[in-house]
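Student:
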Amino acid sequence: MTRPAEGRRSRGRTVIGAVLVAVMLFPLYWMVNASFQTNAQIAARSPSWLPLGGTLAGYRDALAAQGGHLLTSLLVATAATALTLLVAAPAAFGLTLLRVPGGRPLLFVLLIVQLIPGIVLANALYRIFSPLGLLGTPMALILSDSTLSVPFAVLILRAFMVSIPRELIEAAGIDGAGPVRAFLTIVLPVSRNALITAGLFAFLFAWGDFLFATSLNLGAPRWTPITVGLYDFIGAGTNTTSWNAVMATAVLASLPVAALLVIAQRYVAAGLSAGAVKD
Amino acid sequence: MGMPLREHPAARPSPPAPAGPAARRARGGPRLRARLVRAGFVAPVVVYVLAFFAYPLARNVVLSFQDYGIESVYTGDAPFNGLANYARVLHDAVFRTAAANTVVFVVASLLFQFVIGLALAVFFQGSFPLGGLLRSLLLVPWLLPLVVSGTVFRWMLDTGNGVVNQVLLAAHVIGAPVPWLNSVDTAMIGVLLCNVWIGVPFNMVILYGGLRSIPRGLYEAAELDGAGALRRFRHITLPLLRPVITVVLTLGLIYTIKVFDVIWVLTKGGPANATQTVTTYAYQLSFGGLSEFGAGAAAGNVLIVVAMVFAFLYLRSLRSETP
Numbered sequence: 001m002t003r004p005a006e007g008r009r010s011r012g013r014t015v016i017g018a019v020l021v022a023v024m025l026f027p028l029y030w031m032v033n034a035s036f037q038t039n040a041q042i043a044a045r046s047p048s049w050l051p052l053g054g055t056l057a058g059y060r061d062a063l064a065a066q067g068g069h070l071l072t073s074l075l076v077a078t079a080a081t082a083l084t085l086l087v088a089a090p091a092a093f094g095l096t097l098l099r100v101p102g103g104r105p106l107l108f109v110l111l112i113v114q115l116i117p118g119i120v121l122a123n124a125l126y127r128i129f130s131p132l133g134l135l136g137t138p139m140a141l142i143l144s145d146s147t148l149s150v151p152f153a154v155l156i157l158r159a160f161m162v163s164i165p166r167e168l169i170e171a172a173g174i175d176g177a178g179p180v181r182a183f184l185t186i187v188l189p190v191s192r193n194a195l196i197t198a199g200l201f202a203f204l205f206a207w208g209d210f211l212f213a214t215s216l217n218l219g220a221p222r223w224t225p226i227t228v229g230l231y232d233f234i235g236a237g238t239n240t241t242s243w244n245a246v247m248a249t250a251v252l253a254s255l256p257v258a259a260l261l262v263i264a265q266r267y268v269a270a271g272l273s274a275g276a277v278k279d
Numbered sequence: 001m002g003m004p005l006r007e008h009p010a011a012r013p014s015p016p017a018p019a020g021p022a023a024r025r026a027r028g029g030p031r032l033r034a035r036l037v038r039a040g041f042v043a044p045v046v047v048y049v050l051a052f053f054a055y056p057l058a059r060n061v062v063l064s065f066q067d068y069g070i071e072s073v074y075t076g077d078a079p080f081n082g083l084a085n086y087a088r089v090l091h092d093a094v095f096r097t098a099a100a101n102t103v104v105f106v107v108a109s110l111l112f113q114f115v116i117g118l119a120l121a122v123f124f125q126g127s128f129p130l131g132g133l134l135r136s137l138l139l140v141p142w143l144l145p146l147v148v149s150g151t152v153f154r155w156m157l158d159t160g161n162g163v164v165n166q167v168l169l170a171a172h173v174i175g176a177p178v179p180w181l182n183s184v185d186t187a188m189i190g191v192l193l194c195n196v197w198i199g200v201p202f203n204m205v206i207l208y209g210g211l212r213s214i215p216r217g218l219y220e221a222a223e224l225d226g227a228g229a230l231r232r233f234r235h236i237t238l239p240l241l242r243p244v245i246t247v248v249l250t251l252g253l254i255y256t257i258k259v260f261d262v263i264w265v266l267t268k269g270g271p272a273n274a275t276q277t278v279t280t281y282a283y284q285l286s287f288g289g290l291s292e293f294g295a296g297a298a299a300g301n302v303l304i305v306v307a308m309v310f311a312f313l314y315l316r317s318l319r320s321e322t323p
């Protein structure tokens, strides 16, 4: 009896939900919209709600000015992701299935270091990297960006590996060279999803980093990531007239997020909650 | 408590003469080797934490007691100056403004992020067609690089061509364009608007997870007892959600205290320090051109102490809530 009414009600909720999402995502639409507009449309007194009669000039300017920065970001984020997984995956294995002594204090430390404000690390790393000649190099960004993801990645991977049955490892023989083989041939393949999640976030964190890039590579235009490139684009002038190129750059800087979200949507929510609610 | 582990000479089975290297390897060797292999898995992360967290933290503490200025950059000379950096920072009028702004920024951000996040979580709790898809779309603002979000809000809040002013003008809510990010009175509102937008998805996802873990039977029983939606929310949802609420607010607080990108892109802490927070203040000391790394370190350490205090409170509340 109540079926039709309930159906109507849940369809109603879908409509309301869609409206809520539209409101929340309006800034993104506005970014894409402006990226296709002409300078005349941008400067007009009333907004153009649709990118009609648009232009790709913004993207041409953006790619000309920011192409290299995109490549730098790609390089830095990929390397930071690799470094993160290289450090975090064995650690998670050691903390769970190998039950290395001192595991609990180490976990606690990994939880606490995530509270350290980035500005504090940037301040100290600048002074540490300076005599090593690392400032202004991609290595400075790779190393500092990895601090955003290593603790997080260990915690996510650990949360997953805790649920791997020990018998699986014991069957492979745990002594001597056993753990290495067990890790490479059993644990890593089984943990594929957790590795994807951890790697995904490591990539996004490094790609989005602005603080380390603008402090450690201050005044080193050769290795400027896209975040700093975008900032310089608007920071240069107080009254920017080329908003279309700025917004086109913003769209390009968001593309990895969009791509990763489409490809690995289900890992994102999982990672979010695993990272936040830890036992 | 336990008996002191002292070996009685007689209790020890007389050992054979000191074993040769081969025998020793046979007894302690494989075990030692296995232990080394196991430790080898954790060694990289231990080294990493020491090199990239412990050492920088220690360096920052030492720096905060050094007179590190622009000339130190060239001479490499930074004499110790006791508490002078802390005195300089704490007596700086800009720091006091920044501290007050940080409180406003954090409290207002958390309040709005939480309320909106909870409302959305409650709404998406019921299952309806496309609910899952819509929910994951809401995550996008949280995943975007913060600089991108900041840039988009700078464009929307632009005085002359921003859509916010254009819409408000057309609706006759305002008579003249509001210089959102360029006025001392409104800059904080602009920065908050952007930061709340970024933080809502995180609050929603975590609270949604918490809501899903409340047994549905409780609601059904309460409904049978004649409890209305509001009463069910107050007497079932809120109390059972409390641990998750603690998590969301504490993590939100820890993230919000250190927000840098959003403020830097929107206002650089201006105009006239109206949006200056402790984080942007510390950045300006170190990287603003005068290379006051000592004072910057001191300001940063103040920030750490605040974060640690709240982290401690958080961990304590976690312990008291989990039996």
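Protein sequence lines, in the order shown, are assigned to chains L and H. The end of the first sequence is residue 279 by full-length UniProt numbering, with every number in the run present. The end of the second sequence is residue 323 by full-length UniProt numbering, with every number in the run present. Idealized CB from N, CA, C, for every residue including glycine. Being a predicted model, the structure only gives us computed values, none of them experimental.
Check distances from the C-beta atoms of the region 269–301 of chain H to those of chain L and list, in chain order, the residues that come in under 8 Å.
Tutor: Listed by position along the chain: T279, A282, Y283, S286, F287, F293, G296, A297, G300, N301.
Student: Where DSSP assigns a beta bridge to Q66 (chain H), which residues make up the other side?
Tutor: In DSSP, Q66 (chain H) forms a bridge with H:F80.
Student: Closest by CA to F183 (chain L), which one among L:L20, L:L95, L:S215?
Tutor: Nearest option by C-alpha distance: L:L95.
Student: Given this structure, state the Cα-to-Cα distance separating Y208 (chain H) from F124 (chain H), to the nearest angstrom.
Tutor: Each residue's Cα considered, the two are about 8 Å apart.
Student: Along the chain, which unbroken stretches of the beta strand (DSSP E) at least 3 residues long are found entirely within the region 32–80 of chain L?
Tutor: Taking only runs of at least 3 residues, no beta strand (DSSP E) segment lies wholly in the region 32–80 of chain L.
Student: Give the straight-line distance between the Cα atoms of T227 (chain L) and P145 (chain H), rounded to the nearest whole angstrom.
Tutor: Taking the straight line from one Cα to the other gives about 8 Å.
Student: Residues in its own chain within less than 8 Å of L193 (chain H) by CB, not counting five upstream and five downstream?
Tutor: Answer for L193 (chain H): F153, L157, listed in chain order.
Student: Looking only at its chain, what residues have a beta carbon closer than 7 Å to the beta carbon of G82 (chain H), apart from the 5 residues adjacent to it on each side?
Tutor: Hits under 7 Å: F65.
Student: Please classify T275 (chain H): does DSSP put it in a helix, a strand, or coil?
Tutor: Coil, per DSSP.
Student: How is the alpha helix (DSSP H) around E170 (chain L) delimited, first residue to last?
Tutor: 166–170 is the span of the alpha helix (DSSP H), which, as asked, contains E170 (chain L).
Student: I'd like to know if Y59 (chain L) contacts chain H, where contact means its C-beta is closer than 9 Å to some C-beta of that chain.
Tutor: So no, Y59 (chain L) is outside the interface.
Student: What are the start and end residues of the alpha helix (DSSP H) that includes P138 (chain L)?
Tutor: Here the alpha helix (DSSP H) through P138 (chain L) covers 138–146.
Student: Does the CB of T237 (chain H) have a neighbour CB from chain L at under 9 Å?
Tutor: With 9 Å as the cut-off, T237 (chain H) does not count as an interface residue toward chain L.
Student: Could you compute how far the alpha carbon of Q66 (chain L) sits from the alpha carbon of H172 (chain H)?
Tutor: When rounded, the distance between both Cα atoms is 39 Å.
Student: In chain H, which residues lie with their C-beta within 8 Å of the C-beta of S46 (chain L)?
Tutor: Within chain H, the residues near S46 (chain L) are Q166, A170.
Student: Quick one: is R8 (chain L) buried, meaning 16 or more other Cβ sit within 10 Å of its Cβ, or exposed?
Tutor: Flag for R8 (chain L) reads exposed.
Student: Name the residue from L:I156, L:I186, L:V257, L:R158 whose alpha carbon lies nearest to the alpha carbon of E170 (chain L).
Tutor: When each option's Cα is compared against that of E170 (chain L), the closest is L:I186.
Student: Once you ignore the five residues that flank residue 280 (chain L) on each side, which residues in its own chain have a CB closer than 6 Å to its CB?
Tutor: Nothing about residue 280 (chain L) can be reported from this structure: the residues present for chain L run from 1 to 279 only.
Student: Using a Cβ-Cβ cut-off of less than 8 Å, give me the residues of the region 42–60 of chain H that come near chain L, in sequence order.
Tutor: Within the region 42–60 of chain H, the residues whose Cβ lies closer than 8 Å to some Cβ of chain L are V42, P44, V45, V46, Y48, V49, F52, F53, Y55, P56, L57, R59, N60, listed in chain order.
Student: Any beta carbon from chain L within less than 9 Å of I189 (chain H)'s own beta carbon?
Tutor: Taking Cβ atoms only, chain L never reaches closer than 9 Å to I189 (chain H), which makes this a no.
Student: Using a Cβ cut-off of 9 Å (strictly closer), state whether A193 (chain L) contacts chain H.
Tutor: The amino acid at residue 193 (chain L) is misidentified as Ala; the sequence shows Asn. Answer no: the Cβ-Cβ gap between N193 (chain L) and chain H never drops below 9 Å.
Student: Where in the region 276–307 of chain H do unbroken runs of the alpha helix (DSSP H), each at least 4 residues long, occur, reported from the N-terminal end onward?
Tutor: For the region 276–307 of chain H, whole alpha helix (DSSP H) runs of length 4 or above, ordered along the chain, are 278–287.
Student: Cβ closer than 8 Å: which chain L residues qualify as neighbours of T102 (chain H)?
Tutor: Going along chain L, no residue has its Cβ under 8 Å from T102 (chain H), so there is no contact; the nearest lies around 11 Å.
Student: Ignore the nearest five residues each way along the sequence and tell me which others in E223 (chain H)'s own chain have a CB closer than 8 Å to its CB.
Tutor: Excluding sequence neighbours, E223 (chain H) sits near R232.
Student: What are the boundary residues of the alpha helix (DSSP H) that A93 (chain H) is part of?
Tutor: First-last of the alpha helix (DSSP H) with A93 (chain H): 93–125.
Student: When the Cα atoms are used, what is the spatial distance from F233 (chain L) to Y68 (chain H)?
Tutor: Looking at the two C-alpha atoms, the distance is approximately 32 Å.
Student: My output table needs one value for F205 (chain L): the three-state DSSP class, helix, strand or coil.
Tutor: It is helical.
Student: Compare the Cα-Cα distances from V49 (chain H) to each of L:P131, L:L63, L:Q114 and report the closest residue.
Tutor: Out of L:P131, L:L63, L:Q114, L:Q114 has the C-alpha closest to the C-alpha of V49 (chain H).
Student: Mind checking W180 (chain H): buried by the 16 CB within 10 Å criterion, or exposed?
Tutor: Buried, because 16 or more other Cβ atoms sit within 10 Å of the Cβ of W180 (chain H).
Student: Using a cut-off of 7 Å between C-beta atoms, extract the partners of D261 (chain H) located in chain L.
Tutor: Within 7 Å Cβ-Cβ: F210, L211.
Student: In this structure, does DSSP put R319 (chain H) in helix, strand or coil?
Tutor: Note: R319 (chain H) maps to helix in three-state DSSP.
Student: Hey, out of H:R316, H:A311, H:G294, H:M308, whose CA is closest to A87 (chain H)'s CA?
Tutor: Among H:R316, H:A311, H:G294, H:M308, the Cα nearest to that of A87 (chain H) is on H:G294.
Student: Which term fits S146 (chain L), buried or exposed, when burial requires 16 or more other beta carbons within 10 angstroms of its beta carbon?
Tutor: S146 (chain L) is buried by the Cβ-count criterion.
Student: Does the Cβ of E71 (chain H) have 16 or more other Cβ atoms within 10 Å, making it buried, or fewer, making it exposed?
Tutor: Flag for E71 (chain H) reads exposed.
Student: Does A22 (chain H) come out as helix, strand or coil in the three-state DSSP assignment?
Tutor: The predicted position of A22 (chain H) is uncertain, since its pLDDT is 46 and thus under 50; a value taken from the coordinates is nonetheless stated next. Looking at A22 (chain H) - three-state DSSP - the assignment turns out to be helix.
Student: Verify the CB distance criterion: does L111 (chain H) have a CB-CB separation below 9 Å to chain L?
Tutor: So no, L111 (chain H) is outside the interface.
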